[in-house]
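Residue numbers (the UniProt record's numbering): 1 to 123.
We treat Cβ as the ideally placed atom computed from N, Cα and C, and that holds for glycine.
Quick caveat, the model's predicted, so the values are computed rather than measured.
Taking it in order: structure first as structure tokens, then the write-up.
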């Protein structure tokens with residue numbers, strides 16, 4: 001048996017040990033975002049659904065990150081990475097630069113795909 005087949009078998013077995021499903025986690029997302037806003041004053045979170053009431057976009061900016069942006073250098077860097085799961089999509093990060101030139105998180109979003117509509121919504 002090849003190493004690739006063993007790795008895949010191990011990944012599948014490990015996935016079975018995780019309680020719940022992606023669908024169950026999705027149902028808890030609104031509770032999580034509500035609690036996030038309660039314990040982090042000033043936090044902004046937004047979920048957008050498509051016409052069929054399916055997940056399309058998620059945006060989160062923590063209140064502390066928004067507040068501290070005032071002392072950051074006025075440089076914003078946006079980066080994106082593909083999500084490699086059964087649902088696809090992209091993870092977008094917006095970062096600022098602190099006075100010591102270190103990356104400082106501002107916001108992140110999960111988008112269904114990288115296109116003009118999703119970028120316009122994020123910005």
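Query raised in the report: Do you know offhand how far residue 66's Cα is from residue 111's?
Result: On the chain shown, residue 66 is found 66 positions in, with the first residue counted as 1. On the chain shown, residue 111 is found 111 positions in, with the first residue counted as 1. Approximately 21 Å, taken between the alpha carbons.
Query - Sufficient close CB pairs (3 or more, under 8 Å) joining the stretch 27-38 to the stretch 74-86 - result: Counting Cβ pairs under 8 Å, fewer than three are found: no touch.
Query raised in the report: Can you check whether the CB of residue 69 is closer than 8 Å to the CB of residue 109?
Result: On the chain shown, position 109 is the one that residue 109 refers to. On the chain shown, position 69 is the one that residue 69 refers to. It is not a contact, given that the beta carbons lie outside the stated cut-off.
**Report entry** DSSP beta-bridge partners of residue 57
**Finding:** In the chain shown, residue 57 corresponds to position 57, counting from 1. 48, 111.
Requested in this report: Answer yes or no: do residue 44 and residue 57 have a C-beta to C-beta separation smaller than 8 Å?
Outcome: By 1-based counting over the chain shown, the position of residue 44 is 44. By 1-based counting over the chain shown, the position of residue 57 is 57. Not a contact, by the Cβ cut-off of 8 Å.
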